[in-house]
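See below for the structure under consideration.
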Amino acid sequence: MSYQNYYQPVIPAQMQAELAVYQQKQIISANVKISEEAAKANIRENVEMRKESRREYRKECNRARYCETVIDEDGWINIKPRNKLVEVPKRRIANFQFADIYELKNIEGDSGIFLLEMEIAKRKVRLYIEGIKAGNAGYLMKKIASAGGEIFMQKKSDKEAFLQSLWALLLKKCGKKQLYSTHTGWIRLQNGGYQFIREGAILWKDIVEMAK
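Okay, here's the thing in structure tokens:
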């Protein structure tokens, strides 16, 4: 005697309908939960992406910082940060204005000293700079500070980077020359003429001393 399919419970139609509704609710609830988890994961991912974007922005700005030193039409010295994400406006970085720069030589052909003319608090300043030392930011800072010049930066490394950038810019602008005698009395000029150098005139040895 076979007992297969001997007893099968009969589920009333109402209970079947309720079971179907319950199962549907479970499916919907599960789908909602999955959607919520996916949304949360997406939000976390977006937050991380924004954080990473901000980190990259800061890195880019830091890399761009002081990358370009500019001198405006009034002689004020500014820095112009540039990066791929945003155009950052230039800002004034020192209390002095650039006026002019000259390469100095003596009648015997010696050179390597520059005359930098600036204006600080409406006062004209002349700084004699040894070209061989100008690559040392500490030397430039000492020269500028001795005349009352100030750079609006806190970190020493930032000041040094700025001064190196500034000196490179000044050298590009340097197209004028001044000639000095090594002694008083009559000297012969490069064009074949003669000039009398009076006592008390600034000589090359004075230039060398002032550039130290």
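Using the numbering used here, the letters of the sequence shown correspond one by one to residues 258 to 469. Ideal Cβ positions, reconstructed from N, Cα and C, are used throughout, including at glycine.
Please name the residue, chosen from the options, that lies closest to residue i on a Cα-to-Cα basis.
i, options, result
"Ala-404", "Met-467, Lys-337, Val-327 and Gln-283", "Met-467"
"Ile-454", "Thr-441, Lys-282 and Arg-445", "Thr-441"
"Lys-433", "Phe-371, Asp-367, Glu-294 and Thr-439", "Phe-371"
"Arg-349", "Arg-445, Trp-443, Gly-369 and Glu-407", "Glu-407"
"Cys-431", "Glu-293, Ile-300, Lys-282 and Gly-369", "Gly-369"
"Gly-457", "Thr-439, Gln-447, Lys-469 and Ser-286", "Thr-439"
"Arg-447", "Glu-330, Gly-366 and Val-465", "Position check: residue 447 holds Gln in this sequence, whereas Arg was assumed. Cα-wise, what sits closest to Gln-447 is Gly-366."
"Lys-469", "Lys-400, Gln-411, Lys-413 and Gln-283", "Lys-400"
Would you mind stating whether residue i and residue j have Cβ atoms separated by less than 9 Å?
i, j, result
"Leu-471", "Ile-389", "Because the chain here runs from 258 to 469, residue 471 falls outside it and cannot be looked at."
"Leu-384", "Met-375", "yes"
"Arg-358", "Tyr-437", "Arg is not the amino acid found at residue 358; the sequence shown has Ile there. No. Outside cutoff."
"Trp-424", "Gly-392", "yes"
"Phe-409", "Asn-352", "yes"
"Leu-427", "Leu-373", "yes"
"Gln-435", "Ile-444", "no"
According to DSSP, residue i sits in a beta bridge with which residue or residues?
i, result
"Ile-408", "Ala-351"
"Tyr-451", "Arg-445"
"Ile-336", "Thr-326 and Arg-348"
"Gln-435", "Leu-361"
Can you list, in chain order, the residues of its chain whose CB lies under 7 Å from that of residue i, leaving out five sequence neighbours each side?
i, result
"Val-327", "Asn-335, Lys-337 and Lys-347"
"Asp-463", "none"
"Phe-355", "Ile-328, Gly-332, Ile-334 and Met-375"
"Ile-291", "none"
"Ile-377", "Asn-352, Phe-353, Ala-404, Gly-405 and Gly-406"
Under 8 Å Cβ to Cβ from residue i, same chain only, skipping five residues before and after it: list those, please.
i, result
"Arg-380", "Gly-405"
"Glu-325", "Ile-336, Lys-337, Pro-338, Arg-339 and Ser-422"
Apart from the five residues on each side of it in sequence, which residues of its chain come closer than 6 Å, Cβ to Cβ, to residue i?
i, result
"Glu-417", "Ala-394"
"Leu-382", "In the sequence on display, residue 382 carries Val and not Leu. Cβ neighbours of Val-382 beyond the five flanking positions: Met-375 and Ala-404."
Restricting to runs no shorter than 3 residues, where is the beta strand (DSSP E) found entirely within the segment 371-406?
380-387
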